[in-house]
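Student: Here the protein sequences come in this chain order: A and B.
Count along the first sequence from 1, add 1, and you get the number used in this note's numbering.
Count along the second sequence from 1, add 1, and you get the number used in this note's numbering.
Every residue, glycine too, gets a C-beta built ideally from N, C-alpha and C.
The structure is given below, and queries will be raised subsequently.
Number of protein chains: 2
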Amino acid sequence: MKPVERLTDIETPVGYVDLERVRRNAARAAEYCGAHGLGWRPHIKTHKSRTVAALQLEHGASGLTVATLREAEVMADLTDDLLLAYPPVGRAKLDRLLSLPGHLDLKVGLDSVDVLSDLAGAAEAAGRTVGVLVEMDAGMGRVGLTTPEAVVGLAQATQEMAGVRFRGLMFYPGHVRMPAGEQSGALADVAARLDGVLSALAAEGLRPEIVSGGSTPTLWRSHEIAGVTEVRPGSCIYYDREGLDLGVASEGDLAYTVLATVVSTSVPGQAVVDAGSKALAKEDRGGGGFGILLDRPEVVVRSLSEEHGVLDLASTDWKPAVGERVRIVPNHVCVSVNLQDSLLVKDGDVHGMMPLEARGRGPWNP
Amino acid sequence: MKPVERLTDIETPVGYVDLERVRRNAARAAEYCGAHGLGWRPHIKTHKSRTVAALQLEHGASGLTVATLREAEVMADLTDDLLLAYPPVGRAKLDRLLSLPGHLDLKVGLDSVDVLSDLAGAAEAAGRTVGVLVEMDAGMGRVGLTTPEAVVGLAQATQEMAGVRFRGLMFYPGHVRMPAGEQSGALADVAARLDGVLSALAAEGLRPEIVSGGSTPTLWRSHEIAGVTEVRPGSCIYYDREGLDLGVASEGDLAYTVLATVVSTSVPGQAVVDAGSKALAKEDRGGGGFGILLDRPEVVVRSLSEEHGVLDLASTDWKPAVGERVRIVPNHVCVSVNLQDSLLVKDGDVHGMMPLEARGRGPWNP
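Pasting the structure below:
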């Protein structure tokens, strides 16, 4: 971390991380997974930081999950166990994938024979064997094979090809937005789909060594899905307003905010800050508006322009002045982090700047 | 431009600019402004590119508009006439502002005496005089003073301070979403508000040399707002799906798309591409979904995850295959450009990569 002498020297808007809360969030995820015999393979797309990934591994993460080749390159020397949870399509991406260090137990999630055969051919030519997790649709309807027969077919195809090895299954229950107790039907449906796939695989003598599932909204109930061996939650390292609204996190868990400055109070009933859609992301997540203030959760970011965030003062007695600083909890932390150049980090009384090495798409040249 | 030998070597997702269309869009804006005696001061927040800013100046732009200090630093040597259309709040931003090259006729838009007095004090200490455009609210209700009296008061305060000079007015009619013919009432209301402010200023002997207005949705009708001397449209250099929906642009004007690759067709009725909310931005602009295909506008990007875009195939006969490439017109071009590392540019038959020098927030060190 590059140290910061005076907090007032920091320009806004800037993403702001509380490292003590990050450690607590990591410990809690590790503890939950340990208690239920699950591997914890955090998705680093949320934080894109080598510092935070190393912290997750220190707290017991069994490996890392990435979505892009850049993320894979940046994280490759921190772990022996890397999952690219995204199909690598095209020569350029395959070349980057197969140039990753040889020490890695490298796995790729995919859902088509097109991607599989290109990967197998390229891996064989490179003298490598890449693990394959066949992706199944757990009901979200985004990617993943939609029938047990299709999953079995792709698993068998994997077994027949050189350059690849069938390691197991992957799914993402991104449609289940559940906190404690609710939507048990949706979770039971995920479990039933997985059970059907596992039975169909077993009937063909296929035993997935890895069954990778999980998300932050379903995190604390991952153990209810029989057969899952590991989870890949991302945002639970920082949390966000959505996690708060879903009851997955409480206010004391919020480890990421955007530090912003009031720049205008000219229109009555509102204050305008310098964090707009280019710092918070204008993502509607169903909660109304685009974020809330950490210290005044009754104040909602009502609207966003690119460099303007409009705070609604209707429900507060607070009278902000131009120049005053606020901390905003964004609706969706992953996309806000991705908009930052680097992050301001607080560790106890010490402040510093933390790079986001895995941001962007090009090859990483450290 | 760094040349690109083979287009298939380019990894997706990547923003993709057609420079011939950019030139045509620039020429049309310049022609319209010239025909109506208006200055054209494009807002470079849309493109964040020195190449495109230089092209706008070659086509007759009278100066440039920026929103951030980084944008100002990057553009400072391309023009003599720069407007920071955003209040610089805090010591760090004032220091950067006053470190801009001395050749610049520098102007700042602001709406409070707090910002004004800090700016004046810092400018005087730096031995500079900075021009001030007092921002008025034209009905959008975001920033800007809401009464003629308040505008007169801030203009008079400017005249009384060393370090600053009253140069005129600024407003942004961002609430008027009009193409040809429609919403004439909203435009007339903007004109009436401006007229009220100009009359109040005149009554105090204040004559604004600059009256800066305009937006892309109202661009072609800027001349209907009496008293405006210049416009600051941004997105009309590239356009986007919103511009198309509003009728401000036609399909042949769309100069920016996101090149993406189909990565999954496992779920019937849809195809998934590798451009998600981290390439397109998940901004609802009222058109349904988050973008359309350039060559198949009947195909809508129905939903976005961070690295997944789901194309709805309900209204097309097209049967995409994994590996196929598409060009997506995002809902809002400015926020999509801001998500790219650099852009793929097509100029006739030649392709190259174009940097986005003004992306990010830190000081620009060329």
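1) Assuming ALA116(A) is part of the alpha helix (DSSP H), what are its boundary residues?
2) Just confirm the distance between the C-beta atoms of ALA86(B) and HIS44(B), as a whole number of angstroms; I'd bet it's less than 8 angstroms.
3) Kindly give me the distance between the Cβ atoms of LEU202(A) and ILE226(A), rounded to whole angstroms, as I take these residues to be in contact under 8 angstroms.
4) Mark LYS49(A) as exposed unless 16 or more other C-beta atoms lie within 10 angstroms of its C-beta, in which case mark it buried.
5) Can LEU39(B) and LEU65(B) be called in contact, C-beta distance under 8 angstroms?
6) Strictly under 8 angstroms for the Cβ-Cβ distance: is HIS309(A) near chain B by that measure?
7) Buried or exposed, going by whether 16 or more other CB atoms sit within 10 Å of the CB of THR9(A)?
8) Which residues of chain B have a Cβ atom closer than 8 angstroms to the Cβ of ALA68(A), listed in chain order?
9) Ordered along the chain, which non-local residues of its own chain (more than five positions away) have a Cβ less than 6 angstroms from that of PRO356(B)?
10) Beta-carbon separation of SER391(B) and MET171(B) under 8 angstroms?
11) Let me know the secondary structure DSSP gives PRO149(A) once reduced to three states.
12) Would you say ASN339(B) lies against chain A (beta-carbon separation less than 8 angstroms)?
13) Can you give me the Cβ contacts of GLY361(A) inside the same chain, cut-off strictly under 7 angstroms, excluding the 5 residues immediately before and after it?
14) For ILE238(B), which three-state DSSP category applies?
15) For the stretch 238–248 of chain B and the stretch 109–125 of chain A, state whether three or more C-beta atom pairs, one from each stretch, are separated by less than 8 angstroms.
16) So SER304(B) and THR47(B) are in contact, right, with Cβ under 8 angstroms, and what is the actual spacing, rounded?
17) ALA62(B): which of GLU74(B), LEU79(B) and THR69(B) sits nearest, CA to CA?
18) Tell me which same chain residues have a C-beta within less than 7 angstroms of the C-beta of GLY277(B), skipping the five on either side of it?
19) Note the first and the last residue of the continuous alpha helix (DSSP H) segment covering GLN57(A).
20) Cα-Cα, which of TRP41(B), VAL336(B) and ASP138(B) is closest to ALA280(B)?
21) Please name the residues in the stretch 115–136 of chain A whose beta-carbon is closer than 9 angstroms to at least one beta-carbon of chain B, in chain order.
22) Give the DSSP-derived three-state secondary structure of SER337(B) in the structure shown.
23) To the nearest angstrom, how far is it from the Cα of GLY91(B) to the Cα of GLU12(A)?
24) What is the DSSP secondary structure of MET171(A), counted as helix, strand or coil?
25) Give the secondary structure of LEU111(A) by DSSP, where H, G and I count as helix, E and B as strand, and everything else as coil.
26) Decide if ALA204(B) is buried, meaning its Cβ has at least 16 other Cβ atoms within 10 Å, or exposed.
27) Using DSSP bridges, identify the partner residues of VAL212(A).
28) Just to confirm my understanding: we take HIS333(B), look at its own chain, exclude 5 residues before and 5 after, and list those with CB closer than 7 angstroms. What are they?
29) Mind pulling the chain A residues with CB within less than 9 angstroms of TYR87(B)?
30) Consider the Cβ of ARG222(B): report whether some Cβ of chain A lies at a distance smaller than 8 angstroms.
31) Please report the residue range of the alpha helix (DSSP H) in which ALA261(A) lies.
32) Please check if any C-beta of chain A sits within less than 8 angstroms of the C-beta of VAL351(B).
33) Quick one: Cα of THR266(B) to Cα of ARG29(A), how far?
34) Between the alpha carbons of LEU294(B) and TRP319(B), how many angstroms are there, rounded?
35) Taking only three categories from DSSP, how would you classify LEU39(A)?
36) To the nearest angstrom, how far is the alpha carbon of TRP365(A) from that of LEU101(A)?
Tutor: According to the data block:
1) For the record, residue 116(A) in the displayed sequence is Val; it is not Ala. Residues 114–126.
2) 7 angstroms
3) In fact, because the Cβ distance is near 16 angstroms, the residues do not count as touching under 8 angstroms.
4) buried
5) No, these two residues do not count as a Cβ contact at 8 angstroms.
6) yes
7) exposed
8) GLU307 and GLU308
9) SER343
10) Examination of residue 391(B) is not possible in this model, given that chain B is present from 2 through 367 alone.
11) helix
12) yes
13) Within the same chain, ARG71 come within 7 angstroms of GLY361(A) by CB-CB distance, once the 5 residues on both sides are set aside.
14) helix
15) no
16) That belief does not hold up - the Cβ atoms of SER304(B) and THR47(B) are roughly 25 angstroms apart, past 8 angstroms.
17) Between ALA62(B) and the set GLU74(B), LEU79(B) and THR69(B), the nearest pair of CA atoms involves LEU79(B).
18) LEU305, SER306, GLU307, GLU308, HIS309 and GLY310
19) 51–59
20) VAL336(B)
21) Here the close residues are ASP115, VAL116, ASP119 and GLU136.
22) helix
23) 8 angstroms
24) It is a strand residue.
25) strand
26) Per the 10 Å Cβ criterion, exposed.
27) LEU170(A)
28) Apart from sequence neighbours up to five positions away, the residues of its chain that approach HIS333(B) with a beta-carbon distance below 7 angstroms are ASP241, GLU243, ALA282, GLU284 and ARG286, ordered along the chain.
29) VAL264, ASP275, GLU308 and HIS309
30) Not an interface residue.
31) No alpha helix (DSSP H) contains ALA261(A), which is instead part of the beta strand (DSSP E) from 257–265.
32) no
33) 37 angstroms
34) 12 angstroms
35) coil
36) 11 angstroms
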